[in-house]
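Residue numbering for the sequence shown follows our numbering, beginning at 51 and increasing consecutively. Data block below; observations after.
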Amino acid sequence: MLVKSIEAKVRLATFVALGSFLTAVITVGIIAAYAYRLVESSRKTVYILDNNVPILAKQTDAQMNRPAEYRAHVDLFHSIFFSLTPDDKYIEYQMKKAMYLIDESGVQQYNNLKEKGYFTSILSSSSVLTLQTDSIVLDAPKKYFRFYGKLKIDRRSSTVTRSLITEGYLKDIPRSENNPHGVLITDWKTLENKDLDNVQKTTF
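Written as structure tokens, this is what we have:
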């Protein structure tokens with residue numbers, strides 16, 4: 051009888067110990083999950099100091115803003131690559147900046163233009179090139195873009211306006227000082243680059 055009583059007490063103590071252990075594990079798990087959610091939530095909360103007064107601001111998900119960054123990157127590259135002045139040092143500087151934003155397809159187009167005397171003609175005719183972006187069509191899931199713009203070429207004797215259409219793909223890369231959007235343009239092609247208007251200037 052005594053033995054059975056001892057066995058029952060041992061069994062009860064074991065159940066109590068196991069129950070306490072499981073309860074502790076579940077409690078720790080719930081607390082850990084809550085703490086993790088709290089930390090994640092706090093990371094999305096940013097305080098901005100305005101005259102030493104903290105103002106609450108919400109951090110947005112990077113992926114939500116990615117399409118806007120893609121468009122900004124495409125616009126930036128085209129502006130750097132095509133907006134030029136008759137200064138060989140400035141052209142070289144612009145091309146160097148542009149090459150950080152694109153893969154070897156940009157280098158190929160640059161070399162092709164250089165071989166055809168494109169940059170030499172800018173210098174010899176004292177041309178000022180200004181690019182105006184009309185629109186950028188973006189297929190974010192496929193990371194494909196098509197750029198529509200107008201290139202104004204202001205020469206001493208005339209002002210030429212050209213239609214510029216290009217296309218390419220986008221690749222995510224780590225952000226850097228030279229590539230703040232963390233995007234690389236790939237397989238870049240010019241689909242159209244034709245004159246729309248040619249206005250001769252009056253010379254006296």
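Note that the Cβ used here is the ideal one computed from N, Cα and C, for glycine as well.
Simplified DSSP state of residue i, which is helix, strand or coil
i, result
"isoleucine 152", "strand"
"arginine 206", "coil"
"threonine 73", "helix"
"asparagine 248", "strand"
"threonine 64", "helix"
"lysine 192", "coil"
C-alpha gap between residue i and residue j, whole angstroms
i, j, result
"serine 208", "valine 249", "5 Å"
"glycine 218", "alanine 85", "44 Å"
"leucine 139", "leucine 220", "With the sequence shown as reference, residue 139 is identified as lysine, and leucine is not the correct amino acid for it. Cα-Cα distance, rounded: 29 Å."
"leucine 31", "proline 191", "This structure gives no information on residue 31, because the portion of the chain shown stretches from 51 to 254."
"aspartate 66", "glutamate 119", "Note that residue 66 corresponds to valine in the displayed sequence, not to aspartate. Distance between the alpha carbons of valine 66 and glutamate 119: 58 Å."
"serine 185", "leucine 88", "42 Å"
"valine 75", "threonine 216", "59 Å"
"serine 175", "valine 210", "13 Å"
"valine 187", "aspartate 125", "11 Å"
"lysine 239", "proline 117", "21 Å"
Terminal residues of the alpha helix (DSSP H) in which residue i lies
i, result
"histidine 128", "116-132"
Residue i: CB within 7 Å of a non-hydrogen atom of the ligand NAD
i, result
"leucine 68", "Ligands are entirely absent from the displayed structure, and the ligand NAD is therefore not among its contents."
>> Please give me, in chain order, every unbroken run of the alpha helix (DSSP H) with length at least 4 that falls completely inside the segment 151-190.
In response: 154-165, 168-174
> Are three or more beta carbon pairs between the segment 176-185 and the segment 219-233 nearer than 8 Å?
Replying inline: no
> Do the segment 235-244 and the segment 152-163 make contact, defined as three or more Cβ pairs closer than 8 Å?
Replying inline: yes
> When the Cβ atoms of the segment 141-148 are set against those of the segment 184-200, are three or more pairs found closer than 8 Å?
Replying inline: no
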